[in-house]
Amino acid sequence: MVFGIVGVYGKDAVDVAYQCSLAMLGRRDGLTILYDPGAKSPVIEKIPEAQLLEYGEIKNHQSRYACAKIFDERHSGYFAPEYNLKLRKIGVVNTGKLTNKDKIINYLERKGFAVVPPPQMYKRKNEPYGDVSPSQILTHLLSINTCSLEEGIEEPLKKSLKYLKGSFSFSILFNGRLIGVTDRYGMRQLHYGVKEDDEPVYVISSYTSGLERVNVEYLGTLEPAEFIVIDEEGMHKSKYTEGKPRYCIRELLFFARGEDVVYATPVAEFRERCGEKLAEKIVEKGLLNDIDVIAFIPGSGRCYYDGFMNKLHQMGISKFETHDVVTVNPAYRGRIIFESSEREEKIKQKYNINSRFVKDKNVLLIDDGVISGDTFRVVTEKLKSSGAKNVIGAVGSPEPKGSCELRESLGYLKPKSKEDIIRDTGVEEMVMLSAEDVFDATQKEKELFCHDCF
């Protein structure tokens, strides 16, 4: 599973792509595809943590983080096989999911294509095509719709993309062109920009934080069902079908970094508004009377905590001191998002508790949400072992109903009641926002968002 992609076209593409990936994908798996017309050979030593693949002028590296292990460290990049002469200069990486994958594969097999996973991939049980990536499928469709290299890519790409349904984005290299594609819902956004040096360097990125890291001037975001083509003459955009927005609220709640802008919404501001709504609920329930210390889980809970404290200040409530009660162990280097093995032990290693602030105190613990509940449960246990009398949870998302068909099935994103969450996390009470609260905090029309998760 890949949560973000980067595409770079221009001078020193390897350096730009690596820095962009580090900023954007610090918490998750990612793929980068890049094209440097002046590069003579791949510079592997500049990407020490990445796998670098080379095919002609195409270079593709993957930043592997722990979240990939649950999926057997597969990747979603694909290079056309040598026998496919029409597409001998193509490379494709993707993020997302196709909802009609089996149907397309049956169509391709009737056309004579042997659609099988690359050798490094493993089949999942009960999913005969589970490991055939969207990149591989798109490459085969392009092969059907492309007559020659001289024909160009745009018309074959339009024909091919019309087959695909789901939430996805692609970064494609074809015959010296970099192409970015987003799905017909705009759920998997792609942002693009340019860095003007001696020669312009064009970058497409799943998240705006990737562009900011490499000082790329933000130019825009692809609309639903839109793609952008970048070559030596510049860039231009086109539509492959009619699009209608259907945004994913989980991007704003969990996946994006605080400095990102998602669906034209600054993520930090959205999360602070959710934190303000949490404060209103806590005060309304009268729970503040029993609270001595307010804490948050670092990283994921910071923006919600800021909004929470700002709201209390506006309400004239200032009896709480600000302490870094829960801290991140600086020696910790692993990643825990979506990892199954040894997850609990790594969470314990990651977080420390300043026991002098919590001993014999009632603690309110703030975070973005409770999905698997592992992090919240382990931090709660550590708070209590450090002397906290009681822990009350406050999260800026609703009770999960399950995964939607357009996003990855995360396995543990299953329906949970509030009682289940309290039992699983070990807190005395849990305050959660409603779905209505969350959609209201976006300050956008509710109909623009998918409602399947909450």
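Remember, my numbering sits 59 above the position in the sequence shown when you count from 1. By construction, the Cβ of each residue, glycine as well, lies at the ideal position given by its N, Cα and C atoms. What you are looking at is a predicted structure, and each value in this text was computed from that prediction instead of being measured.
Proximity below 9 Å, CB of A447 to CB of K340: At least 9 Å separates the beta-carbon of A447 from that of K340.
Burial state of I376 (16 or more Cβ within 10 Å): Exposed, by the Cβ-count rule.
C-alpha distance - G211 paired with S431, whole-angstrom precision: Cα to Cα, G211 sits roughly 47 Å from S431.
Cutoff 6 Å; reference L249; Cβ partners in own chain excluding five residues on either side: S228, G239, T241, I263 and L281.
Buried or exposed (CB count within 10 angstroms, at least 16 for buried), M374: Exposed, because fewer than 16 other Cβ atoms sit within 10 Å of the Cβ of M374.
Separation of F286 from D383, as counted between CA atoms: Approximately 45 Å, taken between the alpha carbons.
Buried versus exposed call for V75 [16 or more other C-beta atoms within 10 Å across all chains shown]: Flag for V75 reads buried.
Beta strand (DSSP E) runs wholly inside the stretch 250-296, at least 3 long, in chain order: Assignment of beta strand (DSSP E) within the stretch 250-296, counting only whole runs of 3 or more residues, yields 250-255, 259-264, 276-280 and 285-290 in chain order.
Whole-angstrom distance between V152 and G366, CA atom to CA atom: One C-alpha to the other measures close to 37 Å.
Given D351 as reference, the closest of A173, T381 and F233 once Cα atoms are compared: Comparing Cα positions, the closest option is T381.
Touching by the beta-carbon criterion (3+ pairs, under 8 Å), the stretch 285-301 and the stretch 265-274: Because the criterion of three Cβ pairs below 8 Å is not met, the stretch 285-301 and the stretch 265-274 do not touch.
Counterpart residues of P459 in DSSP-defined beta bridges: Note: P459 sits in no beta bridge, so no partner.
Inter-stretch contact (C-beta, 8 Å, three-pair minimum) for the stretch 434-443 and the stretch 458-466: Counting C-beta pairs closer than 8 Å gives fewer than three between the stretch 434-443 and the stretch 458-466, which falls short of the contact rule.
Cβ-based neighbour list, E318, same chain, cut-off 6 Å, excluding 5 preceding and 5 following: Excluding residues within five positions, the ones whose Cβ falls inside 6 Å are S268.
Other residues of its chain near Y410: CB distance less than 6 Å, five sequence neighbours each side excluded: Annotation for Y410: V385 and V438 place their beta carbon closer than 6 Å to its own, counting only its chain and skipping 5 residues before and after.
C-alpha distance - R332 paired with D426, whole-angstrom precision: Each residue's Cα considered, the two are about 14 Å apart.
Closer than 9 Å to chain D by CB, E285: Protein chain content of the structure displayed is limited to a single chain, and chain D is not contained in it.
For L232, the first and last residue of its enclosing alpha helix (DSSP H): That residue, L232, is in no alpha helix (DSSP H); its beta strand (DSSP E) goes G225 to F233.
Neighbourhood of K221 by C-beta distance below 8 Å, restricted to the same chain and skipping five residues each side: Around K221: Y299 and T300.
Residue environment, S297, which counts as buried when at least 16 other CB atoms sit within 10 Å: By the neighbour-count rule (16 or more Cβ atoms within 10 Å), S297 is not buried but exposed.
Pick from R436, L492 and C512 that is closest to V486, judged by C-alpha positions: Comparing Cα-Cα distances from V486 to each of R436, L492 and C512, the minimum goes to R436.
Helix, strand or coil at Y299 according to DSSP, with G and I counted as helix: Looking at Y299 - three-state DSSP - the assignment turns out to be coil, as it is neither helix nor strand.
For Y410, the residue or residues it bridges with in DSSP: DSSP lists V387 as partners of Y410.
Rounded straight-line distance, which links the Cα of G334 to that of E168: Annotation: E168 to G334 spans about 51 Å, alpha carbon to alpha carbon.
As assigned by DSSP and simplified to three states, the class of K156: Assignment of K156 by DSSP, reduced to helix, strand and coil, places it in the strand class.
Selection from K336, L337 and L312 that minimises the alpha carbon distance to V326: Nearest C-alpha to V326: L312.
S135 in three-state terms, based on DSSP: Caution is warranted here: a pLDDT of 41 is assigned to S135, below 50, making its placement in the model unreliable, and the coordinate value is therefore given only provisionally. It is coil, neither helix nor strand.
Pairwise C-alpha distance: I412 and V450: Approximately 13 Å, taken between the alpha carbons.
Whether R305 touches C512 by CB criterion (9 Å): Against a cut-off of 9 Å, the Cβ pair of C512 and R305 comes out as no contact.
Beta carbon of K254 nearer than 9 Å to that of G69: Result yes, Cβ atoms of K254 and G69 sit closer than 9 Å.
Contact check, V260 vs D71, beta carbons under 9 Å: Yes, Cβ-Cβ distance for V260 and D71 is below 9 Å.
Rounded Cβ spacing between Y244 and K162 (contact assumed at less than 8 Å): With a Cβ gap of about 18 Å, Y244 and K162 do not count as contacting.
Nearest candidate by alpha-carbon position, reference K420, set S456, G66, A500 and A354: Nearest option by C-alpha distance: A354.
Buried versus exposed, by CB contacts within 10 Å (16 or more), K184: With a pLDDT of only 43 at K184, under the threshold of 50, the placement of this residue in the model should not be trusted, and no figure is reported.
Cα-Cα separation between I196 and F314, rounded to whole angstroms: I196 and F314 have their C-alpha atoms spaced approximately 26 Å apart.
Where the beta strand (DSSP E) containing E488 begins and where it ends: Start and end: E488 to M491.
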